[in-house]
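Here the structure is laid out as structure tokens; the discussion comes afterwards.
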Amino acid sequence: MKDSPEGRTEEELVERARHGDADAYGELVLRYQGIAARTAYVITGTSADAEEVAQDAFVKAYRALDRFRAGSPFRPWLLRIVANEAINRRKAAGRHAAVELSEAHDRPADDTALSPEEAAVASERRAIVRRALARLREDDRIVIAYRYFMDLSEAEMAEALGVARGTVKSRLSRALARLREVLDG
Amino acid sequence: MADRRITDAELESLLRDVGDRLAYPDARHLATRVRARIAADRVERRRPWLFALAPALVTLLVLGAGAYATDVIRLRGIDIFRGPQPAAPVASPRIPGATRVATVEAAEARAGFRPVVPAALGRPDEIDVVTPAGGSSQVMLLYAARPGLPESQLTGVGAVVTEVRASLETALLSKIAGSGARVEQVRVAGGPAVWIEGAPHVVFYREANGNIIQDTLRLAGNVLLWERDGLLLRLEAQVGREEAVRIAESAR
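First to last, the protein sequences are chains A and B.
Start counting the first sequence at 447; every next residue gets the next number (our numbering).
Start counting the second sequence at 9; every next residue gets the next number (our numbering).
Shown next as structure tokens:
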């Protein structure tokens, strides 16, 4: 639970937002807009959809603040709303769960330690993993993303996935096993 | 994917690398957009008639603190629901863009309907009309404070009556009632009405360009909403419910 620049904790921001403080909610959005957009992207597979999903989710979360359990962490609660929103949008559009995940083009190369051949191999390996991820069911993809893309803790993952904490490990290992099946297959 | 099966550690490292490089959407402007939508959203989702009022007043918020049992009241098209507390209000009863007129007749000529005037309040001290391009006009009758009609600390006047051509059946006037406000269904001359007590209000406007603006200019405490002769009327004054109903029933 990081402090805001003004020293407000997440809990204080949520409490203020619940009482209609738009600045406080804006600060929460600023804090979590990146992870919300990433979560949405992993499910929708398109940037445009993901951005809309994240926006919708933040608006819905604001409206649902009355139902937020005071004192519990905001981030996983929000991510659950984001993921639901993304899945609903995908279903409403009649699209399959499989998506295409792309690599950002504008990312500065940081493989300078690698030879051109090694860099090409690394790039190909990433592409293979991306394609395999894209073929997974979205609940497998999201559990992998929470763990490895977003570094959520087990407790946060449980909250975000809406499962008991004890089942997070098995969900993750099953998802990794299915990823391996796709990779090996 | 390779000659040998990669280890778990290698797969995890590869996954982190993949995750770092995905073409995620640009999220930098989300906060701005979300805030704009939160302000607009409350209005747009349920209140189609209010679109026609641009840039007139479209909805009011009642704000307050503390728990109140009535979360939602639906009265023939009026949705009243508890919402978050808006920012601190600014005291002024005037709507930007309003034209001050001298008489009820002049208001009628400008607004396209004849405003009713509560006889119990006497002659209005000021009459304003807002006539947005392509939208419904709104007439406001302002009454200076006097004995029995205390000055609102927020508006600086004794009473404001706002009238717009709409009916409770078709009009969806939203009041987001803060938890400190009492919201009751009452009757005015036998017709349905809503009484909101104990909290100031914030107003939303919709600009001609379609933007919804949260305007903290027009505020009042207790509010009575009722319908008469095809008009939707709102009385804002620091008076009790019975007095407000008496004033409303005196409208001619």
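All C-beta atoms, glycine included, are put in the ideal place defined by N, C-alpha and C.
With DSSP as the reference, label Ile14 of chain B as helix, strand or coil. Coil, per DSSP.
Near Ala621 of chain A, which residues of its chain fall below 6 Å by C-beta distance, leaving aside the five closest residues on each side in sequence? Asp586, Val589 and Ile590
Buried or exposed, going by whether 16 or more other CB atoms sit within 10 Å of the CB of Pro428 of chain A? The structure shown does not extend to residue 428 of chain A, since chain A spans only 447 to 631, so no value can be given for it.
Span separating the alpha-carbon of Leu22 of chain B from that of Ala468 of chain A: 40 Å
Can you tell me which residues form a DSSP beta bridge with Thr170 of chain B? B:Met148 and B:Arg242
Can you confirm whether Leu525 of chain A, when its beta carbon is compared against all beta carbons of chain B, has any partner nearer than 9 Å? It does not; no Cβ of chain B falls within 9 Å.
Who are the Cβ neighbours of Ala463 of chain A in its own chain at under 8 Å, not counting the five residues just before and after it? Ala470, Tyr471, Leu474, Tyr508 and Leu511
How far does the beta strand (DSSP E) with Leu201 of chain B in it extend, from its first residue to its last? Here residue 201 of chain B turns out to be Ala, not Leu, going by the sequence shown. Judged by DSSP secondary structure, Ala201 of chain B falls within the beta strand (DSSP E) whose first and last residues are Gly199 to Glu205.
Do we get a CB-CB distance below 9 Å when we pair Glu116 of chain B with the residues of chain D? No chain D appears in the structure shown, which is made up of the protein chains A and B.
Chain-order list of residues whose beta-carbon lies under 7 Å from that of Tyr151 of chain B (same chain, five-residue window excluded): Leu129, Pro132, Asp133, Leu157, Val165, Gly166 and Ala167
At a Cβ cut of 7 Å, what residues of the stretch 27 to 39 of chain B count as close to chain A, listed as they run along the chain? When CB distances to chain A are screened at a threshold of 7 Å, the residues of the stretch 27 to 39 of chain B falling below it are Gly27, Arg29, Leu30, Ala31, Tyr32, Pro33, Ala35, Leu38 and Ala39, in chain order.
Per-residue contacts from Gly472 of chain A into chain B (C-beta, under 7 Å): Ala39 and Arg43
Does the stretch 605 to 618 of chain A come into contact with the stretch 562 to 582 of chain A, if we say contact requires no fewer than three beta-carbon pairs (one atom in each stretch) closer than 8 Å? no
Run through the stretch 508 to 544 of chain A for me and flag every whole beta strand (DSSP E) of 3 or more residues, listed as ranges in chain order. The DSSP assignment places no complete run of the beta strand (DSSP E) inside the stretch 508 to 544 of chain A (cut-off: 3 residues).
In chain order, what residues of the same chain have a beta carbon less than 6 Å from the beta carbon of Asp237 of chain B, not counting five sequence neighbours either side? none
Would you say Gly540 of chain A lies against chain B (beta-carbon separation less than 9 Å)? no
With DSSP as the reference, identify every bridge partner of Glu549 of chain A, one or two as the case may be. Beta-bridge partners of Glu549 of chain A (DSSP): B:Leu30.
Less than 9 Å separating the beta-carbons of Val628 of chain A and Ala578 of chain A? yes
Cα-Cα, which of A:Phe514, A:Tyr592 and A:Ala496 is closest to Glu546 of chain A? For Glu546 of chain A, the nearest C-alpha among the options comes from A:Ala496.
Alpha carbon to alpha carbon, what distance is there between Ile255 of chain B and Ala153 of chain B? 15 Å
Inter-residue CB distance, Ser548 of chain A and Ala31 of chain B (contact presumed, cutoff 8 Å): 4 Å
For Leu525 of chain A versus Leu476 of chain A, is the C-beta spacing smaller than 9 Å? no
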